[in-house]
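The structure appears right after this line, and notes come after that.
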Amino acid sequence: MSRRTLIKAAAASSATGMLPGLQSAVYAAGSDKPEKEEVKIGFIPLTDCASVVMASVLGFDKKYGVKIIPTKEASWAGVRDKLVNGELDMAHVLYGLVYGVHLGIGGPKKDMAVLMNLNNNGQAITLSKTLADKGAVDGGSLAKLMAREKREYTFAGTFPTGTHAMWMHYWLAAFGINPVTGAKLITVPPPQMVANMRVGNMDGFCVGEPWNHRAIMDGIGITAITTQDLWKDHPEKVLGTTSDFVKNNPNTARAVMMAVLEASQWIDASLQNKLKMAETVAQKAYINTSVDAINQRILGRYQNGLGKTWDDANHMKFFNGGAVNYPYLSDGMWFLTQHKRWGLLKDHPDYLGVAKQINRIDLYKDVAGAMKISVPKDPLRTSKLIDGVVWDGKDPKKYADGFAIKA
Amino acid sequence: MNPTRPSTAALRIVIVAPDSLLADGTDTRAVTEAERSRSLRIGLLENGYNIVAVLPADVFLPDRLAQIAPDMIIVDAESQARDTLEHVVLATRDARRPIVLFTEDEDTSHVGAAIAAGVTAYVVAGMAPDRVKPVLEVALARFEHEEGLRRELADARTELSERKVIDRAKGLLIKAHGLTEDAAYARLRKTAMDKGLRLADVAQRLIDVSDLLA
Numbered sequence: 016m017s018r019r020t021l022i023k024a025a026a027a028s029s030a031t032g033m034l035p036g037l038q039s040a041v042y043a044a045g046s047d048k049p050e051k052e053e054v055k056i057g058f059i060p061l062t063d064c065a066s067v068v069m070a071s072v073l074g075f076d077k078k079y080g081v082k083i084i085p086t087k088e089a090s091w092a093g094v095r096d097k098l099v100n101g102e103l104d105m106a107h108v109l110y111g112l113v114y115g116v117h118l119g120i121g122g123p124k125k126d127m128a129v130l131m132n133l134n135n136n137g138q139a140i141t142l143s144k145t146l147a148d149k150g151a152v153d154g155g156s157l158a159k160l161m162a163r164e165k166r167e168y169t170f171a172g173t174f175p176t177g178t179h180a181m182w183m184h185y186w187l188a189a190f191g192i193n194p195v196t197g198a199k200l201i202t203v204p205p206p207q208m209v210a211n212m213r214v215g216n217m218d219g220f221c222v223g224e225p226w227n228h229r230a231i232m233d234g235i236g237i238t239a240i241t242t243q244d245l246w247k248d249h250p251e252k253v254l255g256t257t258s259d260f261v262k263n264n265p266n267t268a269r270a271v272m273m274a275v276l277e278a279s280q281w282i283d284a285s286l287q288n289k290l291k292m293a294e295t296v297a298q299k300a301y302i303n304t305s306v307d308a309i310n311q312r313i314l315g316r317y318q319n320g321l322g323k324t325w326d327d328a329n330h331m332k333f334f335n336g337g338a339v340n341y342p343y344l345s346d347g348m349w350f351l352t353q354h355k356r357w358g359l360l361k362d363h364p365d366y367l368g369v370a371k372q373i374n375r376i377d378l379y380k381d382v383a384g385a386m387k388i389s390v391p392k393d394p395l396r397t398s399k400l401i402d403g404v405v406w407d408g409k410d411p412k413k414y415a416d417g418f419a420i421k422a
Numbered sequence: 009m010n011p012t013r014p015s016t017a018a019l020r021i022v023i024v025a026p027d028s029l030l031a032d033g034t035d036t037r038a039v040t041e042a043e044r045s046r047s048l049r050i051g052l053l054e055n056g057y058n059i060v061a062v063l064p065a066d067v068f069l070p071d072r073l074a075q076i077a078p079d080m081i082i083v084d085a086e087s088q089a090r091d092t093l094e095h096v097v098l099a100t101r102d103a104r105r106p107i108v109l110f111t112e113d114e115d116t117s118h119v120g121a122a123i124a125a126g127v128t129a130y131v132v133a134g135m136a137p138d139r140v141k142p143v144l145e146v147a148l149a150r151f152e153h154e155e156g157l158r159r160e161l162a163d164a165r166t167e168l169s170e171r172k173v174i175d176r177a178k179g180l181l182i183k184a185h186g187l188t189e190d191a192a193y194a195r196l197r198k199t200a201m202d203k204g205l206r207l208a209d210v211a212q213r214l215i216d217v218s219d220l221l222a
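First to last, the sequence lines map onto chains A and B. Per this note's numbering, the first sequence starts with residue 16, numbered consecutively. Per this note's numbering, the second sequence starts with residue 9, numbered consecutively.
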């Protein structure tokens, strides 16, 4: 049954219990017609832009009454500015960036919204081949090398408040390396990571795929750890927008979420779909790389560049039965705890209050309910990260202050 | 506040330009970006602007900007360099400087919104060089104006929080010694004068000691 027919059924009888979410939230306003039908969604050339791109390519957007216009962007700062000034309606964006803008860290301050999580897993930390040749192939051996051969070690993330910078910080600290005082951390755009490592400008980087696999293909880097081994099923990119956009266009927001959810479902449904996705997003208009660079890791076929290969059950997931997309409050709060830990925030924010403002669980529930996707009961989840520290979102202040290594 | 502000021609400008060595020649976007940047530089130079450096957006950008400490940074709005620059902005967020973005976007209707969002100015590429000058002048004036407001706000906040500290210290003295408010204030002021400290600092010390003993 398509959503259109569901809507008709619901409209025919206001007493229907079929769409509790839609009924209360949408029909209260009188109509579910998207307020804005053309939706510009910014994306950065990375494998995890796939659900947004496929929602448009496969026409799921039309099914829900909107037209998604995927808009390729050159930088996260550009995505940020365009979201803030309304040139973009939404974006495939870094979780931490959305939170950083909401709190005005280092740039414009604007009330933001996370509509849904786009993917779990599928990023990695790459160390240069030069370092690997000296024995640094994982966190422990890197720490030993850095203690033995003292010099300035340079590691890159993709945006100061973003996801990759936080993974990089967390990983180094988990192995006793203070990323603030014991290493140099820089920001480099994803497509430039491999080129910079090739010319010896950096010792390691954290970035989304396909760039880690590409470093292996080019013989210049090795995968020291995948981010799923850092935090299994960690939150990664989100579908982000401004609070104003949601306020003015709630139906559009819901329609886009449905289209992207359906695309997420489609990608995770089969190997064939994943291969089709890889072929699509590899094109010039999207990631502009070879299909080979993308399709290995999305299928879970990993190699570390040193001869080890494995099948990773926790590869990049876009849907995973709906477990991927729910915007857990604890996920959003985690980025704030790390912003505080590394001195990006000078004081403790109201962690839960901020997460509740940004993560639109209300909208997500409407949409998931209409699509019969299960929603967890608890907006907080429990995760054990690589250093053995458990994060459950219950005492963010204590968690943020509790790390031995911090700024 | 600062009537002797130099004209923008005397500004030490750094331009962050795409690195043509890293750019993929088949990437039309990168080629356009490089060309746009080149024409902007020529325009500025022809108008007598003091371009002290043209830096590639590479991993050394933060270090080089720290060395040169330019008065203004100009960068392409659509360039990958933006994220590297964002790193600089965050690392030096207590010492802000004007950043001008230039763009090929002819539609300037969003410029106001962009400026409000924190970017100092948008310059549309292809704009005649003599028109760039007033834009940069306005950008700098606007930046200084905002910095002034920011400082005033910070001062006002400090003053307010200091007043709160003094009030709390007065309260402690009133409670501990049964003083009147005036007498409590006089005692704080006398201690400040005797020790050569600021009133707010004395008040803060009293609160700290009181917390310690509590």
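Every residue gets a Cβ at the ideal spot worked out from N, C-alpha and C, and that includes glycine. Please read all numbers here as calculations on a predicted model, not as lab measurements.
Identity of the residues DSSP links to residue i by a beta bridge
{"i": "valine 129 of chain A", "result": "A:Gly255 and A:Asn374"}
{"i": "arginine 20 of chain B", "result": "B:Asn58"}
{"i": "arginine 316 of chain A", "result": "A:Asp326"}
{"i": "alanine 139 of chain A", "result": "A:Val222 and A:Thr241"}
{"i": "alanine 264 of chain B", "result": "The requested residue 264 of chain B is not part of the displayed model; chain B covers only 9 to 222."}
{"i": "histidine 107 of chain A", "result": "A:Leu254"}
{"i": "threonine 169 of chain A", "result": "A:Lys199"}
{"i": "proline 85 of chain A", "result": "A:Ile56"}
{"i": "lysine 399 of chain A", "result": "A:Val405"}
{"i": "lysine 332 of chain A", "result": "A:Asn135"}
{"i": "glycine 236 of chain A", "result": "A:Ser143"}
Per-residue burial, residue i [other beta carbons within 10 Å of its own, 16 or more giving buried]
{"i": "valine 405 of chain A", "result": "exposed"}
{"i": "histidine 153 of chain B", "result": "exposed"}
{"i": "isoleucine 50 of chain B", "result": "exposed"}
{"i": "glycine 417 of chain A", "result": "exposed"}
{"i": "leucine 298 of chain A", "result": "The displayed chain sequence assigns glutamine, not leucine, to residue 298 of chain A. Burial call: exposed."}
{"i": "aspartate 63 of chain A", "result": "buried"}
{"i": "methionine 201 of chain B", "result": "exposed"}
{"i": "lysine 332 of chain A", "result": "buried"}
{"i": "proline 142 of chain B", "result": "exposed"}
{"i": "serine 39 of chain A", "result": "Confidence is the limiting factor: at serine 39 of chain A the pLDDT is only 41, short of 50, which leaves the residue's position unreliable, though a coordinate-based value still follows. The residue is exposed, with fewer than 16 neighbouring Cβ atoms inside 10 Å."}
{"i": "alanine 65 of chain B", "result": "buried"}
{"i": "serine 279 of chain A", "result": "buried"}
{"i": "leucine 221 of chain B", "result": "exposed"}
{"i": "tryptophan 182 of chain A", "result": "buried"}
{"i": "aspartate 209 of chain B", "result": "exposed"}
{"i": "leucine 311 of chain A", "result": "What sits at residue 311 of chain A in the sequence shown is glutamine, not leucine. Buried, because 16 or more other Cβ atoms sit within 10 Å of the Cβ of glutamine 311 of chain A."}
{"i": "leucine 321 of chain A", "result": "exposed"}
{"i": "histidine 179 of chain A", "result": "buried"}
{"i": "aspartate 175 of chain B", "result": "exposed"}
{"i": "serine 305 of chain A", "result": "exposed"}
{"i": "aspartate 365 of chain A", "result": "exposed"}
Per-residue DSSP class, three states only, for residue i
{"i": "glutamine 353 of chain A", "result": "helix"}
{"i": "arginine 176 of chain B", "result": "helix"}
{"i": "aspartate 393 of chain A", "result": "coil"}
{"i": "leucine 109 of chain B", "result": "strand"}
{"i": "methionine 80 of chain B", "result": "strand"}
{"i": "tryptophan 406 of chain A", "result": "strand"}
{"i": "isoleucine 182 of chain B", "result": "helix"}
{"i": "valine 152 of chain A", "result": "coil"}
{"i": "glycine 101 of chain A", "result": "coil"}
{"i": "leucine 2 of chain B", "result": "Residue coverage of chain B in this structure runs from 9 to 222, which leaves residue 2 of chain B outside it and unanswerable."}
{"i": "asparagine 340 of chain A", "result": "coil"}
{"i": "tyrosine 79 of chain A", "result": "coil"}
{"i": "histidine 249 of chain A", "result": "coil"}
{"i": "glutamine 287 of chain A", "result": "helix"}
{"i": "leucine 187 of chain A", "result": "helix"}
{"i": "aspartate 216 of chain B", "result": "helix"}
> Is the segment 68-77 of chain A close to the segment 120-132 of chain A, with three or more CB pairs under 8 Å?
Replying inline: no
> Going along the chain, which residues of the segment 146-175 of chain A sit with their C-beta nearer than 8 Å to a C-beta in chain B?
Replying inline: Thr169, Ala171, Thr173, Phe174 and Pro175
> Can you list, in chain order, the residues of the segment 187-201 of chain A whose Cβ is nearer than 7 Å to any Cβ on chain B?
Replying inline: Using a CB distance below 7 Å, the part of the segment 187-201 of chain A facing chain B consists of Ile201, ordered along the chain.
> Does the segment 56-69 of chain A come close enough to the segment 95-106 of chain A that 3 or more CB-CB pairs lie under 8 Å?
Replying inline: yes
>> Would the segment 84-101 of chain B count as touching the segment 61-73 of chain B if we require 3 or more Cβ pairs under 8 Å?
In response: yes
>> Give me the subset of the segment 87-119 of chain A whose CB atoms are less than 7 Å from a CB atom of chain B, sorted by chain position.
In response: Ala89, Ser90, Trp91, Ala92, Gly93, Asp96, Val99, Asn100, Gly101 and Glu102
>> Give me the subset of the segment 206-218 of chain A whose CB atoms are less than 8 Å from a CB atom of chain B, sorted by chain position.
In response: Pro206, Gln207, Ala210, Asn211, Asn216 and Met217
>> To be precise: take each residue of the segment 97-108 of chain B, compare its Cβ to all Cβ atoms of chain A, and keep it if any distance is under 7 Å. Which residues remain?
In response: Val97, Leu98 and Arg101
>> Using 8 Å as the cut-off, can you tell me whether the segment 126-146 of chain A makes contact with the segment 214-234 of chain A, which would need three or more C-beta pairs spanning the two stretches below that distance?
In response: yes
> For the 8 Å Cβ check, are there 3 or more pairs between the segment 196-209 of chain A and the segment 227-236 of chain A?
Replying inline: yes
> Residues in the segment 152-165 of chain B with C-beta within 8 Å of chain A's C-beta atoms, listed in sequence order?
Replying inline: none
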